[in-house]
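Numbering (the working numbering), first residue to last: 295 to 529.
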Amino acid sequence: MSDGPLISLTVCMRDAEHWVDHCLESLVKQTYRPLEIIAVDDGSSDDGYSKLKAWEGEHNGITVQVLKQPATGLSAGRNLALSQSKGHWVAITDIDCRPDPYWISEMFEVSSGLEDEEVLAVTGRTIFDEGLTRTSRLRARSIARKYAGRPRLTSLANGPCSMFLRETLLEVGGFNPKWYHAEDMEVSLRLLQTGGVLVHTPTAVVHHVAESSLKLFLKKRSRDARAHMRIRRHF
């Protein structure tokens with residue numbers, strides 16, 4: 295696809311050298327054009343930054359830019375990528391994700407909205423790999439149930455699989471570095487307060503690696519609960 299505006303695709307990572315190549319391989323296979331990729335290393339102590347730097351340059355007509363910052367967090371990394379982006383839309387995903395080749399194209403397809411809608415963000419569908427453990431199967435199936443009944447108009451542009459109207463995202467201040475978790479939910483609600491809409495399209499698919507660690511699973515669910523309480527207090 296080559297008749298749309300430039301879209302900036304961003305990904306941030308810290309200490310994730312084992313995921314870099316698979317993620318970047320999926321990003322440079324995106325069918326949408328014109329597209330730029332901005333990858334940010336958030337103070338990695340492993341070899342992740344070197345692996346990212348190996349991808350810098352042009353791949354399949356897509357320019358890959360690599361940035362580095364001290365370990366200041368995901369939101370700060372996304373803001374750094376946002377500040378360097380040139381696209382009309384800015385997409386975000388995670389380093390442990392593998393978007394389908396048509397992910398960006400499918401989101402752009404619905405980005406004009408219906409009638410008088412002002413679309414501020416488009417979010418796709420994340421499919422978790424079931425993996426080989428009970429924990430990974432539980433996580434995959436719970437996410438699948440969550441997405442099954444999701445309406446077209448939504449209140450959350452999920453971090454692994456969304457794109458935002460760059461101008462409006464900048465106007466609301468980007469991602470809040472004070473949010474250690476659920477930063478995607480917080481920025482989504484701030485965007486909605488401007489009067490636009492967030493659109494969900496299930497055909498824009500991103501695959502997530504299996505979550506196999508029970509300790510990590512429980513830690514994330516605890517963070518989810520605290521983040522939801524924080525959202526309720528603020529909004």
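All C-beta atoms, glycine included, are put in the ideal place defined by N, C-alpha and C.
If you're wondering where the values come from, they're calculated on a predicted model, not measured in any experiment.
Is it buried or exposed, P496, if we count other Cβ atoms within 10 angstroms and call 16 or more buried?
Exposed, because fewer than 16 other Cβ atoms sit within 10 Å of the Cβ of P496.
Taking H312 as the reference, give the member of P328, G342 and K323 with the closest Cα.
Answer by Cα proximity: G342.
With a cut-off of 8 Å on the beta carbons, I'd call A385 and S456 a contact; round off their distance for me.
For a cut-off of 8 Å, the C-beta gap from A385 to S456 is around 7 Å, short enough to register as a contact.
Please classify T387: is it buried, with 16 or more other beta-carbons within 10 angstroms of its beta-carbon, or exposed?
With 16 or more neighbouring CB atoms inside 10 Å of its own CB, T387 falls in the buried class.
Taking the continuous beta strand (DSSP E) assigned at F458, which residues delimit it?
The continuous beta strand (DSSP E) containing F458 extends over residues S456 to L459.
Just the Cα atoms here: how many angstroms apart are V305 and D423?
The straight-line gap from Cα to Cα measures roughly 20 Å.
Between L492 and T448, how many whole angstroms is the CB-CB distance? I'm expecting something under 8 Å.
Rounded, the Cβ-Cβ distance is 5 Å, consistent with contact.
Please name the residue, chosen from E480, F529, A451 and E403, that lies closest to D297 on a Cα-to-Cα basis.
Nearest to D297 by C-alpha distance, out of E480, F529, A451 and E403, is E403.
Supposed close pair T488, A451 - CB separation, criterion 8 Å:
So it is not a contact: roughly 13 Å between Cβ atoms.
Under three-state DSSP, which class holds E477?
Correct three-state label for E477: helix.
Find out if the Cβ-Cβ distance for the pair I301, I421 is shorter than 7 Å.
In this structure, I421 does not lie closer than 7 Å to I301 by Cβ.
Measuring only the C-alpha atoms, how far is L426 from R435?
A direct Cα-to-Cα measurement between L426 and R435 gives close to 13 Å.
Which whole-angstrom value is the C-beta distance of L414 and L483, which I expect to be below 8 Å?
Beta-carbon to beta-carbon, L414 and L483 are separated by about 11 Å, too far to satisfy the 8 Å threshold.
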